[in-house]
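For the sequence shown, the residue numbers in UniProt numbering are 1 to 138. Note that the Cβ used here is the ideal one computed from N, Cα and C, for glycine as well. These numbers come from a predicted model, not from an experiment. Following: one structure in structure tokens, then a few remarks.
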Amino acid sequence: MAGTEERALQPNRGTLDLARSLAAIRQAAEARRFLSYGDVAAASGLAWSVARRRMDPHLFDLCRRGTARGWPLLPAIVVDKRSVPHGAMRGRPLIGFARAAERCGRVIPGGDAASFLAAEQRRVFDWAEKERGHDLHA
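Below is the structure:
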């Protein structure tokens, strides 16, 4: 029995937690700010080096779950570290976001992923304001 109790008290062993990620994204969105992939990892108690390979599927899962609830693509405000001040992603992070959006059935008008991202980020900020104080579950 002691072994079971010890295991229950051990820290997270490399799993990104959807509820914690949702809470971190919501908190940032309510403040109308962007957060980094490292911030999402830290919300689950993980170092970026541990969470790095798990981040894309994790954020896609948040997109998929949010889409099922009629929410915007919440990971739109999760950006690479250098983009945190302004939110304008480029390169691989932008391509990854666009692919996740398309996999969730979203159409990117004219194939302009950067404009789509900016519009979705505004939708996330507006969503957070509307949902302020409501209980959300991942």
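By the CB criterion at 7 Å, D80 and P72 fall outside the cutoff. Its chain contains M89 as the residues whose beta carbon lies nearer than 6 Å to that of S83, once the 5 sequence neighbours on both sides are disregarded; these appear in chain order. In the three-state scheme derived from DSSP, where H, G and I count as helix and E and B as strand, S83 is classed as helix. In this structure, DSSP gives L35 an extended state, which the three-state scheme calls strand. When only Cα atoms are considered, E30 and G45 end up about 22 Å apart.
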